[in-house]
Amino acid sequence: MAVVAVQYREPIERLCAQRDGGLRAYELSAREWDILEQLCDIFKDATLFFSRKTPNVAKVLHAMDHIDTVLTNQTRDEKYDSAIRAALHLGKKVLNRYYDLSDLSAVYRLALMLHPSYKAEYFRQSGWPSRWTTHSIEMLQEKFDRTY
1 MAVVAVQYRE
11 PIERLCAQRD
21 GGLRAYELSA
31 REWDILEQLC
41 DIFKDATLFF
51 SRKTPNVAKV
61 LHAMDHIDTV
71 LTNQTRDEKY
81 DSAIRAALHL
91 GKKVLNRYYD
101 LSDLSAVYRL
111 ALMLHPSYKA
121 EYFRQSGWPS
131 RWTTHSIEML
141 QEKFDRTY
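Just so it is clear: in the sequence shown, position 77 is 77 by our numbering, and no numbers are missing.
Put into structure tokens, the structure is as follows:
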């Protein structure tokens, strides 16, 4: 919706500028339009990723790692308004809280270990501590031994 608003900025501004229309209170300042454009840029990749592919458990941590990297880079990027950078920082804190909660369930790590594209190599390439990788392999072996 924000993308459409940015695309139709001129007609929206004309509509809000009419005194008798009662929409002046909703008129955006130039800074607010800039922030809206920046938000469209920030969320474009995530929106496209989750719109065209069916997310599965194995992709959750991978997606969270990618989002974390993007948020880290964008919070440091001076091209974004300070309000956007502050919001991105808060978003990163929330993401990290959910990431920490994923440690409470073995499902995510087991799904990565069993996924043909990821396996244990994903943990190594992502820079996870070797003890996490070892623990994930042990969890998978235990699950296999108990089930089969």
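The beta-carbon is built from N, C-alpha and C at its ideal position, and this holds for glycine as well.
- Counting only runs of 3+ residues, no beta strand (DSSP E) is found wholly inside the region 11-61.
- For Ser102, the uninterrupted alpha helix (DSSP H) segment begins and ends at 82-102.
- Per DSSP, the unbroken alpha helix (DSSP H) holding Trp132 starts and ends at 130-147.
- Around the C-beta of Gln74, 16 or more other C-beta atoms lie within 10 Å, and the residue is accordingly described as buried.
- A direct Cα-to-Cα measurement between Ile84 and Ser102 gives close to 27 Å.
- Taking C-beta separations shorter than 7 Å and ignoring five residues to either side along the sequence, Ala25 has no partners in its chain.
- Buried is the label assigned to Gln38, since at least 16 other Cβ atoms lie within 10 Å of its Cβ.
- Distance from the CA atom of Pro116 to the CA atom of Val60, rounded to whole angstroms, is 15 Å.
- Contact between Met139 and Leu110 is confirmed by a C-beta separation of about 6 Å, below the 8 Å threshold.
- Distance between Trp33 and Cys40, taken at the CA atoms: about 11 Å.
- Distance from the CA atom of Ala86 to the CA atom of His62, rounded to whole angstroms, is 24 Å.
- For the 8 Å CB-CB criterion, Ser136 and Phe123 form a contact.
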